[in-house]
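Each protein sequence line maps, in turn, to chains B, V and U.
The first sequence: position 357 = 357 (the working numbering), numbered continuously.
The second sequence: position 108 = 1108 (the working numbering), numbered continuously.
The third sequence: position 225 = 2225 (the working numbering), numbered continuously.
Read the structure below first, then the notes.
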Amino acid sequence: MANTVYDVTTWTGATVSPYVDIGAVINQIIADIKTNQTTQTTRPGAVIYIPPGHYNLLTRVVIDVSFLQIKGSGHGFLSEAIRDGSSTGSWVETQPGASHIRVMNTDGHLEAFLVSRAGDPNVVGRLNSIEFKDFCLDGVTDSKPYSPGNSKIGISVQSDNDSFRVEGMGFVYLEHAVIIHGADAPYLTNNFIAECGNCIELTGASQVAKITNNFLISAWAGYSIYAENAEGPLITGNSILWAANITLSNSNRASISANKLLSNFPSMIAFLGSCAENLISANHFRRVYGDGTSTRFDDLFGLVHIEGSNNTLTGNLFSFNVPAANITPSGADPTIVLVRSGDSNYLASNNIVSNVTTKVVLDASSTATRIIYSAQSAQFNPYTTNYSFIATP
Amino acid sequence: MANTVYDVTTWTGATVSPYVDIGAVINQIIADIKTNQTTQTTRPGAVIYIPPGHYNLLTRVVIDVSFLQIKGSGHGFLSEAIRDGSSTGSWVETQPGASHIRVMNTDGHLEAFLVSRAGDPNVVGRLNSIEFKDFCLDGVTDSKPYSPGNSKIGISVQSDNDSFRVEGMGFVYLEHAVIIHGADAPYLTNNFIAECGNCIELTGASQVAKITNNFLISAWAGYSIYAENAEGPLITGNSILWAANITLSNSNRASISANKLLSNFPSMIAFLGSCAENLISANHFRRVYGDGTSTRFDDLFGLVHIEGSNNTLTGNLFSFNVPAANITPSGADPTIVLVRSGDSNYLASNNIVSNVTTKVVLDASSTATRIIYSAQSAQFNPYTTNYSFIATP
Amino acid sequence: MANTVYDVTTWTGATVSPYVDIGAVINQIIADIKTNQTTQTTRPGAVIYIPPGHYNLLTRVVIDVSFLQIKGSGHGFLSEAIRDGSSTGSWVETQPGASHIRVMNTDGHLEAFLVSRAGDPNVVGRLNSIEFKDFCLDGVTDSKPYSPGNSKIGISVQSDNDSFRVEGMGFVYLEHAVIIHGADAPYLTNNFIAECGNCIELTGASQVAKITNNFLISAWAGYSIYAENAEGPLITGNSILWAANITLSNSNRASISANKLLSNFPSMIAFLGSCAENLISANHFRRVYGDGTSTRFDDLFGLVHIEGSNNTLTGNLFSFNVPAANITPSGADPTIVLVRSGDSNYLASNNIVSNVTTKVVLDASSTATRIIYSAQSAQFNPYTTNYSFIATP
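Encoded structure:
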């Protein structure tokens, strides 16, 4: 086998068992890669294989080489929230499994994996094409809503990076599953992120992130997807559940399409600050009540909350079903879409289904919003006269 | 190598060659896993690798452990229907290939793989995160329309399960490719299921199934996707061909978006019984004639057939091209969308293209359907006056 | 290990190091497969594994067996365009990596991989289920716009083929990344194709191609996706950048949905010749200026250019931002959608955002186009009176 292929269970260079501290073993492997790959044109990276097994991680892994692929044989999710609420004396398995890493840092750090390279990226180069595939990161113990919670972070990328990948992974019981700072063309697909405080956070600024075909299941205190200063993310084909919350801050030209969103709370998609020309199309929004409590947003915040201009909603279905007694403020008509500010936002061909009277609301500061076959007259509540409205019959 | 990594061709514990009966070998491996993993916190499962080769399966595999990944090196599809209709004397290959399992049970069972655990799931725990990846299940011989046919089942999951995965697989010549009972968050992606009677069946009840990015190619007697009592499935990015037929029975809040559907028959999507708040958006429907014969549905059934309320169709294209002589009942105007029952179904911005006059039809029992720029006046046929209609000009 | 599993670095049958000429090694492996697999029912193919490393390819690989899977451990992209414009003296890595093949043919051929079988496909059979997965094809040197450029081709499939797969691959600095002739149900997903002249070209004719969940980043002289005589391709969930250009020639019933498209040039989607019943839905189009120069199309060509009938645009967002001084012809109002010809094309619920006055244009030869809430009156420019127009208010 080439010396670029490592198995954490068989590599003879490790000074500790991977079952005792897989973090230390992977750090030693990375050191070995650097020993073997010594010039800027001879650094292809390596693949580190994690066979099925329960591994403890006591030491944070620090990745500062490009092209590293860390790969297991299964996402290994088991619902720890259900387990912790059940009588499990006769359960066959009570731990997540497959290639299963228990995040149990004893080194004072919060992250299981930190991707970071010292130096100015323009001088030392960005980190390219690092891949996490098909294993499970498990925070071991936590309690709802996980944020604040155990403070644990699955993967944190803190240096500028290009074409980073997270694919087929499982994450459970982490306050933050994946944080990426300064991402260019990151790619998160086919993952199962559940029972986490926050699923995916794009900090700093990002370019054309791709978040596709995932399960994202977060509780009510954090975010399914959070992005700040993002340009052009594509969020499509995801099932985003429990407290679905996609929040974009000062972000433009996102495309959020063909997703399934379910939440027990308002703010399923929020565009905060100045957000322009984002598209929300062909999504299914379902708002229910009962699994969790939160005063973070009231029902006037909107399932979709828009601050900014020229945002576009087309062809979505909103399904709202909350007992009248559980709506806040009491007696209010819940808001489906709130155009909080901005010019020329555009809604067309959206359908609203609800068990109580709900509203599409235009704030007084908004201008020239166009609402076309997206609300019946009784569902429309403008605090301005500067709009165009074609009522759904 | 860790003792959680098996190769069916090299494992020394087998009493039979995997080429003779890979089912018996995998059962013996599962028994070995159970021998090695003996407590509820030390059961990470294992990966079983199937190298490229032609394997016969004479004995049904029974999986009752979580976190098992069975993985090959290729989906290996070859069109057996084309082969069986061709002169193949000089063909280089006449069998499917890659990691190719011939389903040839001699044990009296119908399934190649049965996933089932004895006991009440609440007591013994659900089966979690079992994964089938990148191999081929081939029923060997069959004849159109495959249902009824050879009665063979590729994978049947009959115990409550969570985050089950089928990814990158090939299926051919099976009456039922995949059946999952009691599924929570199953994930079927990147598969090539073709020349089967039924592709994916979600029985019992299911939660938030994800069926994405597949080829699903079934004949006219079964289903591309069948689901009963389903909540919130996401069906997106699939190419569903030949006799595309997605049937949901008493299912709610499905999202069916961005798919390509082609059929030689009516009933491309049917919502039966009481189906509410399902979304059909941004799909391409193509109806043609000639590949197969069936009296299962006539042309009044609808390409889309809706029983239930608040279902929503937005932004779809319907392309109908059937010779007038082949329409049944003779002389009828074929139905594109039939709202068979229910209240407040919503159609907006759908386009219909057809070689003959086709109709959007509202049954007499339907109420408050809104049809907005989804049919020209001549394409609209209501048997009720309780609707709102904005004609496409 | 079964004799169907090869590792290019350990296979003892090779007469040359894979680092010197991986093409020659893979050809020798294919010859070995043919020696081992000698009848039409005993040809399952094989998997060829490429561990991380820098490999030169001097000799074109010719694949004429089905079910071959060539697989690496990472897509390995590094932006060579950024590298070539930077001071890299202190960069840690300056080459793409992971399983990295440098396409450096010395054999007079242009292709790294040619998939081709001698003989009439009806007589010798089609090539089935060949798979390229998770490695990097790198043309080494090139200059914008890469077409014409280094003339190199990553993968060329020139025989009729079925269920061919390209998945998780990286491509960089190739004039043509992937060309497939005569494709039936090809499947290109999860790839990172960047800094290439052309990304995906479907020549001859194709059936139901699936192009999903990719990054496609091409410069201004070629195509992101080109297809001729295509029936029913599904293009969804892709991020198509830089000079996004999907061109379909004489192609019908494509579904282009839920994509993110960004271009510095007109012609983001063009339907040329006679193209019918194609659907463009739920996509985000962004047109900017400045990265590259080209006179290939002027701003009257349209971001979307339609020749043919019954094509359908629903629920898309167009965002146009080009300085007035950079529009050609000078002083023109740029065209967002040009219906160049054809009957009964349909636009509904599309939103246009632009920094200058832009237009939806109907050519004099077009008939019965319906434009519904897809342009304001000032944005509509028909050269015919044969249309229906519902202005966006």
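Idealized CB from N, CA, C, for every residue including glycine.
Using a beta-carbon distance below 8 Å, is residue i in contact with chain V?
| i | result |
| --- | --- |
| residue 91/B | yes |
| residue 301/B | no |
| residue 237/B | yes |
| residue 2268/U | no |
| residue 7/B | yes |
For residue i, go through chain C and note every residue whose CB falls closer than 7 Å to its CB, in chain order.
| i | result |
| --- | --- |
| residue 2040/U | Given the protein chain composition of this structure (B, V and U), no chain C is represented. |
For residue i versus residue j, is the C-beta spacing smaller than 8 Å?
| i | j | result |
| --- | --- | --- |
| residue 383/B | residue 363/B | yes |
| residue 112/B | residue 72/B | no |
| residue 2106/U | residue 2058/U | yes |
| residue 346/B | residue 322/B | no |
| residue 1247/V | residue 1221/V | no |
| residue 1081/V | residue 1135/V | no |
| residue 214/B | residue 193/B | yes |
| residue 463/B | residue 1128/V | The structure shown does not extend to residue 463/B, since chain B is modelled only from 1 through 393, so no value can be given for it. |
| residue 237/B | residue 219/B | no |
| residue 2307/U | residue 2272/U | yes |
| residue 415/B | residue 175/B | Nothing in the structure corresponds to residue 415/B, since chain B is present only between 1 and 393. |
| residue 2013/U | residue 45/B | no |
| residue 183/B | residue 209/B | yes |
| residue 1283/V | residue 2189/U | no |
| residue 397/B | residue 101/B | Outside the shown range of chain B (1 to 393) lies residue 397/B, about which nothing can therefore be said. |
| residue 1018/V | residue 2004/U | no |
| residue 1343/V | residue 1368/V | yes |
Quick check: is the beta carbon of residue i nearer than 8 Å to any beta carbon in chain U?
| i | result |
| --- | --- |
| residue 1014/V | no |
| residue 1366/V | no |
| residue 162/B | yes |
| residue 1077/V | yes |
| residue 1100/V | yes |
| residue 1373/V | yes |
| residue 45/B | yes |
| residue 4/B | yes |
| residue 1254/V | no |
| residue 1117/V | no |
Using a Cβ-Cβ distance under 8 Å, would residue i count as near chain B?
| i | result |
| --- | --- |
| residue 1195/V | no |
| residue 1151/V | no |
| residue 2329/U | no |
| residue 1370/V | yes |
| residue 1129/V | yes |
| residue 2241/U | yes |
| residue 2351/U | yes |
| residue 1210/V | yes |
| residue 1385/V | no |
| residue 1031/V | no |
Name the DSSP bridge partner or partners of residue i?
| i | result |
| --- | --- |
| residue 2196/U | 2218/U |
| residue 2242/U | 2218/U |
| residue 1210/V | 1187/V, 1234/V |
| residue 176/B | 153/B, 198/B |
| residue 136/B | 100/B, 170/B |
| residue 1348/V | 1314/V, 1372/V |
At a cut-off of 7 Å, is residue i close to the ligand FAD when judged by its beta-carbon and the heavy atoms of the ligand?
| i | result |
| --- | --- |
| residue 64/B | With respect to the ligand FAD, the structure offers nothing, as it holds no ligand at all. |
Task: Uninterrupted beta strand (DSSP E) stretches inside the stretch 364–389 of chain B (no shorter than 3 residues) - done: 369–372, 380–382
TODO: Let me know the beta strand (DSSP E) ranges lying completely inside the stretch 1030–1099 of chain V, each 3 residues or longer, listed in chain order.
DONE: 1046–1050, 1053–1057, 1061–1063, 1068–1072
Open item on the list: Does the contact criterion of 3 or more C-beta pairs under 8 Å hold for the stretch 2020–2040 of chain U versus the stretch 11–29 of chain B?
Closed with: no
- [ ] Let me know the beta strand (DSSP E) ranges lying completely inside the stretch 293–322 of chain B, each 3 residues or longer, listed in chain order.
- [x] 304–306, 312–314, 317–320
Open item on the list: Three Cβ pairs or more, each shorter than 8 Å: is that satisfied between the stretch 1084–1093 of chain V and the stretch 1153–1167 of chain V?
Closed with: no
- [ ] Assess, as a yes-or-no matter, whether the stretch 2351–2370 of chain U is touched by the stretch 2329–2336 of chain U under the definition of 3 or more beta carbon pairs within less than 8 Å.
- [x] yes
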